[in-house]
Amino acid sequence: MTVDNLINWFPFGAEWPVLTFVTAVVICAIPTFIFIAVYALVAIYGELKISSFMQDKVGPMGQGVGLHAAKWGLLQPVADALKLILKEDIIPESADKKLFVLAPFVVFVGAFISFAALPFGQGTIIADMNIGVFYILAVGSLSVIGIILAGWSSNNKWSLYGGMRSVAQIISYEIPAGLSIIAIIMLTGTLSMQGIIEYQQGTIWGILPNWIIFNNPFTFIAFFIFFISGVAECNRTPFDIPEAESELVAGAFTEYSGMRYAFFFLSEYAEMFVVSAVAATAFLGGWNSPIHGFMDGPSWSMFWFMGKTMFLIFTMIWFRWTFPRLRVDQLMSVCWKVFLPISFVNIFGVGIWNLLFG
Amino acid sequence: MGVVHGDLMTLNIGPQHPSTHGVLRLKVKTDGEIISEVEPIIGYLHRCFEKHCENVSYEQVIPYTDRCDYIAAMNNNFGYAVTVEELMEIKVPERVEYIRVIVAELNRIASHLLALGAYGLDVGAFTPFLYMFRDRERILDLFETLCGARLLYNYIWVGGVSHDFPKGFVESVYSFLDYFEPKIEEYNELLTYNKIFIERTGDVGVMPPEVAVSYGVTGPNLRGSGVKWDIRKDEPYSIYEKFDFDIPVGVGEMGTVGDCWDRYYVRMVEMKESIKITRQALKGIPTGDVHQALPKKIRPPQGSIYKRTESPRGDLAYYIVSDGSPIPYRLKMRSPAFTALSVLGEISQGWMMSDVLAILGSLDIVLGEIDR
Amino acid sequence: MSSDQDKLIAESVEKALQGDMDAINNIEDRVTRSKAKAALVKAKREAKAAVAEETPRAEKSKAEEAPQAEQTFAAQVAVALEKKFPGSLDTEDVNGHIQMKGEQWYEAAQYLRDNPDFLFDSLQCVTGYDYGTSEDLEVRYNLHSMTHHHAIEIRIKIDRNDSKIPSVEQVWRIGDWFERETYDMYGIEFVGHSNMTRILCPEDWAGWPLRKDYETQEMYHGIVVPKVKDGWE
Amino acid sequence: MYKYFANIWETVTTLITGMGVTWGHMLKIRRDNVTLQYPEERWPRPNRDIGFDFDNYNVIRSRLQVDIDDCIGCLKCERACPVQCIKINTVKAETKGEDLPNIGHTGITSNGTKKALIVSRFDIDLTECCYCNLCTYPCPEKCIYMTGGPNSHKHPIDYEFSQYDRNDLIYRFAKDVENEKMDKYLNPKEKAEA
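Chains as they are written, first to last, in my numbering: chain A, 2 to 359; chain B, -16 to 355; chain C, 18 to 250; chain D, 71 to 264.
Written as structure tokens, this is what we have:
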């Protein structure tokens, strides 16, 4: 299902082009939003449970009456979300009100519109653009604006610190992420998400799936660079310096509460999904089955895509509950002194490899 | 090209802040991320400990000492009891001495576990904190069977202890030690040798030995700077001279001597030494009546005494002046965390925002003891 | 019950007097046990009266011996101080501690820290002390040497109404906070201190809490300071 | 250059070691779990590896409880309290060890001591109590104690006694006698004259 198909399907497409376009977009946007919301609940529940298990506890186990009625605390994220929605919306007296209100939505929009180009399954994509990867990388950095708006408009020193750190961090990590993707594009020769996945069908020597991560040693390294840069772009531990709860209280989001905070929360999880989805698409074969010919085809494609994405999200959660946090300057030196040179070597290496064995 | 000097921003870390370990306020002047001046402002937790002591009798002071350093209340009780006993020239039974050493060393482990765990939290690692709390909880369980309380014990009394060990306590302690010893390896794997942790703490907040001594810093912080000074060894009180144990000192394994990592690691090794002491004490514990030497009425003769003991945070000293009445005329507590915090302004200049909190965490302060 | 109890008490006291304390300790009921112990004390008191005279003497002689070993060191320091700073000692009598005058304290502190014989590089504790409601104040310094592992206590008396003493903040850096604390509690002003402000109490607190003539404020920032709890007297 | 790669190698290996630790704990959660589901499960639970049986307790700290029938009004606990949270008022009884049913006074304690005083007020302010246990040691009749643990045969454990109002935390143990009755007993002659 793509937007293009929808537009063609409408009978009055020719007379009302604008109306048709808007209708088609809204029809796609609403399920996407619902998907993000439901996924966020699942991911929050997963984070609660996984973190608890890693820490020798069992996490939410609501057994009483009311909102915690579900077994194993299944409704805990719902209760959390309800609590956030019902909370009083506080805007600080000295905040820049317009920007303060705007910021969470800017952050969320950045994550939200990335979903338009994610290939959920064989043929299931909202808009199969010919510049898909490029588009996602571009709109993904929109959230920077939102975070610095939040940091600035809160009129709070901690928020300002968080905002500034976040900008420096996200902009820096865009570069190794982008360079790693370039290495992929050199192989696939297309920017389209579906095109990249289709390149990865088949097997290598009949054993390994023909995923780009296994294509050559350089792409193998590129995957890790891309994924770790992605973690940094999501502001997750060990790169959570914009939030850094033990240093900056809650960083850029210190002054936010209730619904607005929920939006930041939502967009953090949405961004995690986007990063994991792009990593799964570009390196792990997207919706391709790991074993060629086994559970293959359009009906299974969504399962494989979600499975791979969720595995990467799990890894992010795993990181978070294992590692300490880096310091600001160390974060930068990891990016500029380690990831960037290796990314350049990767591009060079992929090119040579392609020439010799491609 | 000249250096651009902008205005400095004043930032208040605290009194409500996630990692100030209590109610501490740090008035910080920052130039961007760089800290140019730190001034700790204390007193938010001041409860007039010394004034209280001038109004209650000697045995009633003990619950108040619990509440000074609430993380290591046994050691506080111990120090106070030893001081008053020396003033009154009481000789306590052998068994009491052993019991005191066992509980004090267990509490030292508990206190270090909290310090290390909270330090992990300060640099952003959440899980080690909970692992260490899990094990600390077992020590608190032991103390609960021993004296009913989990945190503020009022266990070590002048001239004895409040209760003898309950049935099966020695075996419980043995089984705890057997359980706990391998866990230290786990902490090391998870946190100590984690490269990110080393990056955050190695070479950060270096405290040279001269500075440490001049600021009166004691305990693991001083030993982290490479000075081998431990009252249990150098000025033994109770029966510490009977036990065989080492004093770990910082050697700068991950950077310079006296950095945060050294201070952290000294505590880690000290837990092993405490286990060693506890095992020896459990082996040699004699039988006897723990209430035998309890004085009927605590009325020390006229005079004054200054006695130091080694609490998990350093030299814990009581200065007691007695006028012969059952109420102390003057009681001053020299708290190790007080001196440790005073050095913060000196060693955190020029470091970054995040480092200041890492340094603060490595000093292992307890605000209850600083403000008293 | 009480007849049983009396019998038990009488039996165990008799046994205890012969040296078997367990007889009393084994009584399970705590009340009976405490009664038995009280009876034992009564019985023992007479027996002890004769013996008691001898023991304190032995203790006293012991107590005298112990300080003497320390006295030699304190006296050494006192002699050295008197030689270097004539007239700096308040009393010649050295009894485990040195009583000094305030005037030359800063120089003396530097001397104590730097002299290779003493090397008191660590200021352990600064204690304020009040002799009574209308008597002198005193500051007591506990010094310690990390090199020689020896310690000394120095006391300096000051007039209550003009409580000034040289600051040793520059000699031992910890003096900074210790002196602020003493100032906070006793109102003793340390001349030469860079930041002589209250440290534990709020800036605008009235009075010096640890002086013996301190009286609690009636009100603090509009909050009544409660003396006695409501309905508790 | 060697140092650069050695550094990266060290980082990767130590991080993976750390991840291995948390992974192991995650898989063994059923065995390793140390938490309890608090309102449903409570702490000393015999079939869990943590905690202890009541029998193993030496002493317990929880809410203070007074068996007022045994109290002889000796004020030892009030004097022992370091925070002055106990308040006792007594009245001299006319005859030692006599029961006074009209004000609910028992003359003889369960240990057989004859009471010379009537306890007209026995208040403990548990907002101030520091649970130091100092008041329970001097009691000659063992009538002030902490609930639960070794004392559970006298009173079951009670450590959750939160209230909405501070005043509800002042526990009044003395017999709840109407003032008139007490007055009548205290000065019957004056009453009669009036």
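Every residue, glycine too, gets a C-beta built ideally from N, C-alpha and C. As the structure is a prediction and not an experimental result, all values here were calculated from the model.
Among Met96(D), Asp102(D) and Tyr108(D), which residue has its Cα nearest to the Cα of Leu49(A)?
Met96(D)
On the premise that Lys157(D) lies in contact with Arg191(D), defined as a C-beta separation below 8 angstroms, what is that separation, rounded to the nearest angstrom?
7 angstroms
Given a limit of 7 angstroms on CB to CB distance, which residues of the region 145 to 179 of chain D reach chain B?
Pro152
Between the C-alpha atoms of Gln263(B) and Phe226(B), what's the straight-line distance to the nearest angstrom?
7 angstroms
Residue burial classification, Leu174(B) (beta-carbon count within 10 angstroms, cutoff 16):
buried
Against chain G, which members of the region 163 to 192 of chain C pass a CB distance test of less than 7 angstroms?
Although the question refers to chain G, the structure presented lacks it and instead comprises the protein chains A, B, C and D.
Assigned exposure category for Leu357(A) - 16 Cβ within 10 Å defines buried
exposed
Leaving out five residues on either side along the sequence, give the residues of the same chain with a beta carbon under 7 angstroms from the beta carbon of Ala104(A).
Gly147, Leu150, Ala151 and Ser154
Cβ-based burial, Pro32(A) [other Cβ within 10 Å; buried from 16]:
exposed
Where are the beta strand (DSSP E) runs, 3 residues long or more, that stay fully inside the region 131 to 157 of chain D, in chain order?
Runs of the beta strand (DSSP E) inside the region 131 to 157 of chain D: 134 to 136.
Taking the alpha-carbon positions, what's the Glu164(B) to Tyr63(B) distance?
Put simply, the backbone Cα of Glu164(B) is about 30 angstroms away from that of Tyr63(B).
Please confirm whether Ile214(D) has its beta-carbon closer than 8 angstroms to some beta-carbon of chain A.
no
What are the boundary residues of the alpha helix (DSSP H) that includes Met307(A)?
For Met307(A), the enclosing alpha helix (DSSP H) has its first and last residue at Pro299 to Arg321.
Just verifying my parser: in three-state terms, what is the DSSP assignment at Tyr127(D)?
coil
List the residues of chain A whose Cβ lies closer than 7 angstroms to the Cβ of Thr105(D), in chain order.
Identification of chain A residues near Thr105(D) by a Cβ-Cβ cut-off of 7 angstroms yields Lys58 and Val59, ordered along the chain.
CA nearest to the CA of Ile171(A), picked from Ser247(A), Cys336(A) and Gly352(A)
Cys336(A)
Would you decide whether Phe215(A) is buried or exposed? Buried here means 16 or more other CB atoms lie within 10 Å of its CB.
buried
Could you say which of His165(C), Val188(C), Leu136(C) and Thr199(C) lies nearest to Lys181(C) if we only look at CA atoms?
Thr199(C)
Going along the region 83 to 113 of chain B in order, which residues come within less than 9 angstroms of chain A, judged by CB to CB distance?
Gly103, Leu104, Asp105, Val106, Gly107, Ala108, Phe109, Thr110, Pro111, Phe112 and Leu113
Kindly indicate if chain A contains any beta-carbon less than 8 angstroms away from that of Met89(D).
yes
Cutting at 6 angstroms between CB atoms, please list the residues of its own chain near Val358(B), excluding the five before and the five after it.
The structure shown does not extend to residue 358(B), since chain B is modelled only from -16 through 355, so no value can be given for it.
Return the CA-CA distance between Lys224(D) and Cys200(D), expressed in angstroms with no decimal places.
22 angstroms
Note down the Cα distance separating Tyr123(C) from Trp244(B), rounded to an integer number of angstroms.
37 angstroms
Tell me the residue span of the beta strand (DSSP E) that contains His114(C).
His114 to Met117
Name, in chain order, the residues that DSSP records as bridge partners for Ala187(D).
The displayed chain sequence assigns Leu, not Ala, to residue 187(D). Paired residue(s): Lys162(D).
Is there a Cβ of chain B sitting closer than 8 angstroms to that of Asn259(C), yes or no?
Any property of residue 259(C) remains undetermined from this structure, which presents chain C solely from 18 to 250.
Contacts of Phe321(B) in chain C (Cβ-Cβ under 7 angstroms)
At a beta-carbon threshold of 7 angstroms, the residues of chain C lying near Phe321(B) are Trp194, ordered along the chain.
Tyr146(C): first and last residue of the uninterrupted alpha helix (DSSP H) it sits in:
Careful: Tyr146(C) lies outside any alpha helix (DSSP H), inside the beta strand (DSSP E) at Ser139 to Asp147.
If you draw a straight line from the alpha carbon of Thr238(A) to that of Glu199(A), how long is it in whole angstroms?
33 angstroms
Residues of chain C with CB closer than 8 angstroms to the CB of Ile25(B), please, in chain order.
Ile216 and Leu217
As a quick exercise: from Val351(A), Ala271(A) and Gly259(A), pick the residue whose alpha carbon is nearest that of Leu85(A).
Taking Leu85(A) as reference, the option from Val351(A), Ala271(A) and Gly259(A) with the minimal CA-CA separation is Gly259(A).
For a contact meaning CB atoms closer than 8 angstroms, what does His29(B) contact in chain C?
Contact annotation for His29(B) against chain C: Leu217 and Cys218 [CB-CB distance below 8 angstroms, chain order].
Does DSSP put Gly1(C) in a helix, a strand or coil?
One cannot answer for residue 1(C) here, as it falls past the ends of chain C, which runs 18 to 250.
Identify the contact partners of Thr238(A) in chain B, using a Cβ-Cβ distance below 7 angstroms as the criterion.
The contacting residues are Gly107.
Does any residue of chain D bring its CB to less than 8 angstroms from the CB of Trp322(A)?
yes
Chain A contact for Met335(B) (CB, 8 angstroms cutoff)
yes
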